[in-house]
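*Asks:*
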Amino acid sequence: MSEDGSTPPERELDRMDVHELGRLGARLDDVEIVDDAPRHEPGSREERRAYRRVAAWFVLTALGAVGFVLVFVLWPWQYTSEGPEQTLRAWFTPMLGITFAISVLSLAVGIVTWSKIITPEDVAVQQRHDGPSPPVAQRTLAARVVELVDQTGLGRSKLLRRTVLAACTAVAGVLTVTVLGTLVRDPWSEGPYSPLLTTGWRSPDGERTYLRVDTGDPHSVTLLRPEDVAAGGMLTVFPFRESMRGDPEALAEMLRAADVPVVIVRFFPGTPVVERVGQEDFHLDGLYAYSKICTHMGCPASLFEQTTLRILCPCHQTEFQANEYARPVFGPGARPLPQLPLRVDERGYLYAPHDFIEPIGPGFWSRDPRG
Amino acid sequence: MTSRGYRPRRLSVTGYVARGAERRFQVAGLLRHQINKVFPWHFSFFWGELALYSFVVLLGSGIVLTLFFVPSLDQVTYQGSYAPTYGLEASRAWVSTMQISVDVHGGLFLRQLHHWAALVFLAAIMLHMARIFFTGAYRAPREINWFLGVVMLVVAIFEGYLGYSMLDDLLSGTGVRIFSGIVLSVPVIGTWVHWMIFQSPFPGEIYVERFFIAHVLLLPGILLALIALHLAVVWYQKHTHFKGPRAREGNVVGNRTLPVFAMHSVAALLGTLGVLGLLAGTAQINPIFHWGPYTPAQVSNGSQPDWYALWLIGSLKLFPPADLSVGGRYTVPGGFWSGVLVPVVLILLLFAWPLIDRLRDSDRELHNVLDRPRDDPGRTAIGAMALTLFGVLTLAGTDDISATVFSILLEALRWTERAAVFVLPPLVFVVTRRLCRRLQRSDRDALAGGIATGLVDQPVEGAYRSVQQPFVGVDPEGGEHAPEYDGARVPKTPTPQRPGGGS
Numbered sequence: 001m002s003e004d005g006s007t008p009p010e011r012e013l014d015r016m017d018v019h020e021l022g023r024l025g026a027r028l029d030d031v032e033i034v035d036d037a038p039r040h041e042p043g044s045r046e047e048r049r050a051y052r053r054v055a056a057w058f059v060l061t062a063l064g065a066v067g068f069v070l071v072f073v074l075w076p077w078q079y080t081s082e083g084p085e086q087t088l089r090a091w092f093t094p095m096l097g098i099t100f101a102i103s104v105l106s107l108a109v110g111i112v113t114w115s116k117i118i119t120p121e122d123v124a125v126q127q128r129h130d131g132p133s134p135p136v137a138q139r140t141l142a143a144r145v146v147e148l149v150d151q152t153g154l155g156r157s158k159l160l161r162r163t164v165l166a167a168c169t170a171v172a173g174v175l176t177v178t179v180l181g182t183l184v185r186d187p188w189s190e191g192p193y194s195p196l197l198t199t200g201w202r203s204p205d206g207e208r209t210y211l212r213v214d215t216g217d218p219h220s221v222t223l224l225r226p227e228d229v230a231a232g233g234m235l236t237v238f239p240f241r242e243s244m245r246g247d248p249e250a251l252a253e254m255l256r257a258a259d260v261p262v263v264i265v266r267f268f269p270g271t272p273v274v275e276r277v278g279q280e281d282f283h284l285d286g287l288y289a290y291s292k293i294c295t296h297m298g299c300p301a302s303l304f305e306q307t308t309l310r311i312l313c314p315c316h317q318t319e320f321q322a323n324e325y326a327r328p329v330f331g332p333g334a335r336p337l338p339q340l341p342l343r344v345d346e347r348g349y350l351y352a353p354h355d356f357i358e359p360i361g362p363g364f365w366s367r368d369p370r371g
Numbered sequence: 001m002t003s004r005g006y007r008p009r010r011l012s013v014t015g016y017v018a019r020g021a022e023r024r025f026q027v028a029g030l031l032r033h034q035i036n037k038v039f040p041w042h043f044s045f046f047w048g049e050l051a052l053y054s055f056v057v058l059l060g061s062g063i064v065l066t067l068f069f070v071p072s073l074d075q076v077t078y079q080g081s082y083a084p085t086y087g088l089e090a091s092r093a094w095v096s097t098m099q100i101s102v103d104v105h106g107g108l109f110l111r112q113l114h115h116w117a118a119l120v121f122l123a124a125i126m127l128h129m130a131r132i133f134f135t136g137a138y139r140a141p142r143e144i145n146w147f148l149g150v151v152m153l154v155v156a157i158f159e160g161y162l163g164y165s166m167l168d169d170l171l172s173g174t175g176v177r178i179f180s181g182i183v184l185s186v187p188v189i190g191t192w193v194h195w196m197i198f199q200s201p202f203p204g205e206i207y208v209e210r211f212f213i214a215h216v217l218l219l220p221g222i223l224l225a226l227i228a229l230h231l232a233v234v235w236y237q238k239h240t241h242f243k244g245p246r247a248r249e250g251n252v253v254g255n256r257t258l259p260v261f262a263m264h265s266v267a268a269l270l271g272t273l274g275v276l277g278l279l280a281g282t283a284q285i286n287p288i289f290h291w292g293p294y295t296p297a298q299v300s301n302g303s304q305p306d307w308y309a310l311w312l313i314g315s316l317k318l319f320p321p322a323d324l325s326v327g328g329r330y331t332v333p334g335g336f337w338s339g340v341l342v343p344v345v346l347i348l349l350l351f352a353w354p355l356i357d358r359l360r361d362s363d364r365e366l367h368n369v370l371d372r373p374r375d376d377p378g379r380t381a382i383g384a385m386a387l388t389l390f391g392v393l394t395l396a397g398t399d400d401i402s403a404t405v406f407s408i409l410l411e412a413l414r415w416t417e418r419a420a421v422f423v424l425p426p427l428v429f430v431v432t433r434r435l436c437r438r439l440q441r442s443d444r445d446a447l448a449g450g451i452a453t454g455l456v457d458q459p460v461e462g463a464y465r466s467v468q469q470p471f472v473g474v475d476p477e478g479g480e481h482a483p484e485y486d487g488a489r490v491p492k493t494p495t496p497q498r499p500g501g502g503s
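Chains A and B, in that order, give the protein sequences.
Numbering-wise (UniProt numbering), the first sequence opens with residue 1 and increments by one.
Numbering-wise (UniProt numbering), the second sequence opens with residue 1 and increments by one.
The structure is reproduced here in C-alpha cells:
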C-alpha cells in the first residue's frame with residue numbers, strides 16, 4: 001500500500017480486517033485517526049456498567065413519554081375561572097412541559113453519555129485542500145468562456161450586447177410590474193379628502209358630528225355633555241352622527257377607526273392656558289379636545305398626569321402639555337396633538353363643528369410642514 | 001475483530017439494499033467520504049446549531065398552529081370558555097388565537113413552544129454572529145456566509161415580528177401601528193408603500209392576511225433556502241477551528257461525522273427541543289388573554305415588543321424630535337431617522353463588516369484557524385463597542401418599565417441614555433482594547449517566564465523569590481528555549497510535577 005493514499009490491489013484488501021479497512025478508508029479521505037481506542041476492555045465489568053448507565057437514561061426517556069401521554073389524556077385541562085378544580089387545571093400545561101422535558105432531555109443526555117463512555121473518542125485529523133483548482137481546470141474553463149463569448153457573437157456585436165441587455169431589463173420590468181403592480185393603491189385617490197388629510201370627524205354632508213363615549217357595547221349610543229367631564233380628568237370620545245343610529249355596522253366601525261379617538265380634558269378654573277394661534281375659539285370654557293393619536297408613531301396617548309397637565313404616550317413617552325395646545329415638551333414627538341373644535345348644541349350635547357384643521361397622527365412626506 | 005479478511009456479507013438485507021443503491025448511484029466512495037468528514041468542536045460552535053434546531057422547532061410547531069389560526073380581521077363575538085373576555089367583539093385572528101390558547105387540547109403548550117423557540121432563535125443567531133465576529137471566522141474564504149448570515153438575521157427579525165403581530169391583540173396591534181408610522185415616515189414613497197402593504201390607512205382590513213402568508217410561507221421559504229445554502233457552504237469549505245496541539249491552517253482536528261459528531265448533533269437538537277418544551281410548559285409568554293383584543297383607542301402602559309425588537313424601540317425613543325421641512329412644502333418626520341435610517345445604517349455596517357475589516361489591514365490570506373478575541377484587540381474592541389450600542393438601545397427600549405420598577409424619573413433616565421449612546425461605546429472600545437493587550441502580555445509573560453506556582457523559595461543567599469514553572473519540553477527540537485505564542489490557549493495554572501521529575 002502506498003503512502004500517498006492510492007488504492008491497494010484487491011488481493012491485499014482480501015487480507016484486511018474491518019479495522020484495517022476502516023483505517024484505509026479514512027486515509028483515502030485524507031483523515032488520520034489519532035485516537036479511536038475502545039473505552040473499555042470488551043466484555044469487562046466496566047463495559048457492562050457503561051451499557052447500564054446509558055440504558056438507564058433511555059428508560060427514563062420512555063417513562064417521561066408515558067408520563068406525558070398520561071398527563072395529556074387524563075389530566076383535566078378545560079379552562080375554568082373558578083372552583084376547586086381551577087388550580088389542578090392550571091397545572092395542565094406546566095405538567096405537559098415537565099414530562100415533555102424529562103422525556104426529551106433524558107434522550108439527549110443518554111446520547112451524549114453514550115458518546116462519552118461507550119463509543120471511542122474518535123479524534124481525527126483531516127487535511128483541507130484550500131486554494132485554487134489545478135491550472136489545467138482554470139485554463140480550460142477560462143478558454144471555454146472566451147470561446148463562448150466569441151461563438152455567441154456577444155464579443156463582436158455591440159448591437160447584440162445592448163439589445164440582449166435591454167430585453168432582459170424589459171422582462172425584469174414586466175415581472176416587477178406583474179407582482180408589485182397588483183399591490184399599488186393610490187393614497188390620494190380622494191384628493192383633498194384623502195384619509196391622510198381627513199378623519200371620521202369630517203361630516204360629508206354638513207350633519208353634526210357629536211362626541212360619543214364607548215360604553216363597552218359597540219351598538220349603544222351615549223353622547224357627552226360638558227358637565228360629564230370632571231375637572232383634572234381625561235375622557236376618550238368618538239364621532240357620532242344621527243345617520244349612524246340604528247346602523248350597528250357603522251356604530252361599531254367608528255369605535256375601531258384608527259384616526260378618530262379624541263381625548264377631552266377639563267382644566268380647573270384659573271389654570272393658565274396658552275392657545276394656539278388661529279385655534280383660540282376651539283375650546284369650550286375649560287374643555288379642550290385633542291386627537292388621541294400620537295404625532296410620533298400613532299399610539300394612543302392614553303395617560304394624563306393631573307399635576308403637570310401632561311398627556312403622555314405610553315409607547316415612546318412623548319409628553320404633550322395639555323394646557324399649551326398639547327405641544328410636545330418631552331420625548332421623540334415633534335408636533336402638537338391636533339385640536340378638535342368644540343360646541344354645544346341646544347340640547348346640551350357636545351359636537352365638533354368641523355374636522356381637525358391639520359392631519360392627525362404620524363407625519364408623512366406630503367404633509368404641509370407649516371401645520 | 002477477526003484476523004481473517006473482511007468482505008460484505010452477501011445474504012443480509014443491508015447488503016442487498018447497499019448493493020442495489022451502489023449499482024444505481026455509485027454511493028460507496030461518496031458516502032464514506034461524508035461519514036469520515038472531520039468536524040472540530042468548541043462550546044461556542046453550539047450557537048449556530050442552536051439557531052438551526054430552534055428553527056426546526058419553529059417549523060414543526062408552526063405547522064400545527066396554522067391548522068387552527070384564522071388570519072382574518074373580520075369582527076366576531078368571543079364565545080369561548082375564557083370568562084373574562086366572554087362576549088367581547090374581536091377579530092377572528094384574536095378569537096382563534098384565544099381558542100388555541102384555551103380551548104385546544106395542548107394548544108397553549110404548542111403556542112408557547114412556538115413563541116419561546118422564536119425568542120431563542122433570534123438569541124442564538126446573535127450569539128452565533130458574535131462568535132463568528134470575535135474569532136474572525138468571517139474572514140476569507142468565509143465572507144459569503146457572513147453576508148448570508150446577516151440577511152438571515154434581518155429576515156428572522158421580520159419573521160418574528162410578523163408572527164406576533166398577526167394575532168391582533170392589544171400589544172401586537174400597537175406594534176403594527178408603530179410599523180405603520182415608520183412606513184409613513186419614508187420620504188417621497190412612504191404613503192405609497194403604506195398603501196401597498198395596508199391598502200388603506202392603518203389598520204385597513206387586509207394586513208393580517210398578508211402578514212400571515214408572509215409569516216408562514218414567504219419568509220420561512222426564504223429562511224429555509226438561505227439556511228440550506230449556509231450549511232452547504234460550511235460543509236464544502238470545512239469548519240474553522242482554534243489552534244491546538246495538532247490544529248493547523250491546513251487541517252481540521254475533531255470528530256468524524258459518524259459516530260461522535262452525529263450523536264452530539266442529535267443530542268443538541270433534542271436538548272434544544274427539551275429546554276424549549278420546559279419553557280413552553282412552565283414560563284408564560286405573550287398571554288393574549290391578558291392583553292385583550294386590539295382597538296386603536298387603547299394601549300397598555302409598559303407595552304414592550306419581543307426582545308429582539310427593543311433596540312428599534314430604543315432608537316425611536318432616544319432620537320430627539322426632529323421633523324425636517326423640505327422646501328416649506330414637504331415633511332421628513334423625525335421617525336424616519338430613528339425608525340428607518342438608524343437601523344438601515346447599522347445593519348448595512350454589520351453586513352459590510354468583512355469588507356470594512358479589509359480597510360484595517362492588508363490581510364488577504366485565507367484563514368482556517370480562529371483568532372482568540374485578544375489576538376486582535378482592534379476588532380474585539382469594535383465588536384464590544386457595537387454590542388454596547390445595541391445594549392444601550394435595548395435598555396432604552398425598556399426604560400419606561402425600568403423607570404417604574406426602580407422609581408427613576410423617566411426624563412432623567414432618558415437623558416442619561418441619550419448621553420450613554422455617545423459616551424459608553426467609545427469608552428468600552430478603549431477599555432476592551434487595553435484589556436486585550438493586557439491579556440496578550442499576560443500570555444507572553446507566562447510563556448517567557450513560566451507560570452507562577454505560588455511557592456516561595458529561599459536560596460542560600462537569603463533572598464526570597466517566587467517559583468515559576470517554565471514551559472519546557474513542548475519544543476519538538478528538544479531545545480530549552482521558551483515557546484512562542486501561536487494562538488493556542490496558554491495555561492495559567494501550574495501542573496503538578498512527578499516527584500524527582502527534573503525541571
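Using N, Cα and C, we set each Cβ at its ideal position, and we do this for glycine too.
Predicted, not measured: the structure shown is a model, and the values here were computed from it.
Which residues in the same chain have their Cβ closer than 7 Å to the Cβ of V103/B, if we skip the five residues on either side of it in sequence?
*Replies:* The amino acid occupying residue 103/B in the given sequence is Asp; Val does not appear at that position. Closer than 7 Å at Cβ, skipping near neighbours: G80, S81.
*Asks:* Distance, Cα to Cα, A228/B vs Y53/B?
*Replies:* 13 Å
*Asks:* What do you get for I43/B, buried or exposed, if any count of 16 or more other CB atoms within 10 angstroms of its CB means buried?
*Replies:* A quick correction: the sequence has Phe, not Ile, at residue 43/B. With fewer than 16 other beta carbons inside 10 angstroms of its own, F43/B counts as exposed.
*Asks:* Mind checking Y236/B: buried by the 16 CB within 10 Å criterion, or exposed?
*Replies:* exposed
*Asks:* Just by C-beta distance, which residues in the region 294-308 of chain B are closer than 8 Å to chain A?
*Replies:* T295, P296, A297, Q298, V299, S300, N301, G302, S303
*Asks:* Which bits of chain B does M16/A rub up against, with CB to CB less than 8 Å?
*Replies:* The answer, in chain order, is G5, Y6.
*Asks:* Mind listing which residues of the region 219-245 of chain A have their C-beta closer than 9 Å to chain B's C-betas, in chain order?
*Replies:* Here the close residues are T236, F238.
*Asks:* Please report how far the alpha carbon of H367/B lies from the alpha carbon of V392/B, in whole angstroms.
*Replies:* 33 Å
*Asks:* Quick check on DSSP: helix, strand or coil for M152/B?
*Replies:* helix
*Asks:* DSSP on G221/B, reduced to helix/strand/coil?
*Replies:* If DSSP states are grouped into helix, strand and coil, G221/B belongs with the helices.
*Asks:* With a threshold of 7 Å (Cβ to nearest heavy atom), would A143/A be considered close to the ligand HEM?
*Replies:* This structure does not include the ligand HEM; it has no bound ligands of any sort.
*Asks:* Output the residue ranges of the alpha helix (DSSP H) runs that lie fully inside the region 324-401 of chain B and measure 4 residues or longer, sorted by chain position.
*Replies:* 342-351, 353-360, 377-397
*Asks:* So with Cβ pairs under 8 Å, would you call I98/A a contact of chain B?
*Replies:* For I98/A, the answer is yes, since a Cβ of chain B falls inside 8 Å of its Cβ.
*Asks:* Can you tell me whether N301/B is buried or exposed? The criterion is at least 16 other CB atoms within 10 Å of its CB, across all chains shown.
*Replies:* exposed
*Asks:* So what does DSSP say about P234/A, is it helix, strand or coil?
*Replies:* In the sequence under discussion, the amino acid at residue 234/A is Met, which differs from the Pro named in the question. In the three-state scheme derived from DSSP, where H, G and I count as helix and E and B as strand, M234/A is classed as strand.
*Asks:* Closer than 9 Å by beta-carbon distance: list the chain A residues that pair up with I347/B, in chain order.
*Replies:* Under the 9 Å cutoff, chain A gives no residues; its nearest Cβ is about 20 Å from I347/B.
*Asks:* With a cut-off of 8 Å, does the C-beta of W146/B fall near any C-beta of chain A?
*Replies:* W146/B does not count as touching chain A.
*Asks:* In terms of residue numbering, what span does the beta strand (DSSP E) encompassing I311/A cover?
*Replies:* 310-312
*Asks:* Could you list which residues in chain A have their beta carbon closer than 9 Å to that of M196/B, in chain order?
*Replies:* L180, L183, V184, R185
*Asks:* Return the Cβ separation of S180/B and F202/B in integer angstroms, given the expectation that the two are a contact with Cβ distance under 8 Å.
*Replies:* About 4 Å; that satisfies the 8 Å criterion.
*Asks:* In whole angstroms, give me the CA-to-CA distance for Y78/B and R92/B.
*Replies:* 9 Å
*Asks:* If we define contact as Cβ-Cβ less than 8 Å, is F356/A a contact residue for chain B?
*Replies:* no
*Asks:* Going along the region 42-64 of chain B in order, which residues come within less than 9 Å of chain A, judged by CB to CB distance?
*Replies:* Listed by position along the chain: nothing, the set is empty.
*Asks:* For the beta strand (DSSP E) that contains I33/A, what are its first and last residues?
*Replies:* 31-35
*Asks:* Measuring only between beta-carbons, confirm whether G500/B sits less than 8 Å from chain A.
*Replies:* Caution is warranted here: a pLDDT of 47 is assigned to G500/B, below 50, making its placement in the model unreliable, and no coordinate value can be reported.
*Asks:* Measuring CB atoms only, is the region 137-157 of chain A touching the region 283-299 of chain B, in the sense that at least three cross pairs come out at less than 8 Å?
*Replies:* Taking 8 Å as the limit for Cβ pairs, the verdict is that the region 283-299 of chain B does not touch the region 137-157 of chain A.
*Asks:* Would you say S366/A lies against chain B (beta-carbon separation less than 8 Å)?
*Replies:* yes
*Asks:* Are the region 135-142 of chain A and the region 86-103 of chain A touching by the rule of at least three beta carbon pairs closer than 8 Å?
*Replies:* no
*Asks:* Could you tell me the boundaries of the beta strand (DSSP E) in which Q126/A lies?
*Replies:* 123-127
*Asks:* Compute the Euclidean distance between the alpha carbons of I125/B and G48/B, then round it to the nearest angstrom.
*Replies:* 7 Å
*Asks:* Any idea what DSSP makes of R208/A, helix, strand or coil?
*Replies:* coil
*Asks:* Residues in the same chain with beta-carbon distance under 6 Å from M234/A, minus the five sequence neighbours each way, listed in chain order, please.
*Replies:* V263, V265, F304
*Asks:* Candidates T282/B, V176/B, V233/B: which alpha carbon is nearest M95/A's?
*Replies:* T282/B
*Asks:* Ignore the nearest five residues each way along the sequence and tell me which others in L309/A's own chain have a CB closer than 6 Å to its CB.
*Replies:* A322, N323
*Asks:* Compile a chain-ordered list of the residues in the region 284-304 of chain A whose CB is closer than 7 Å to at least one CB of chain B.
*Replies:* K292, H296, M297, G298, C299, P300, S302, L303
*Asks:* Using 8 Å as the limit for Cβ to Cβ distance, is D400/B near chain A?
*Replies:* yes
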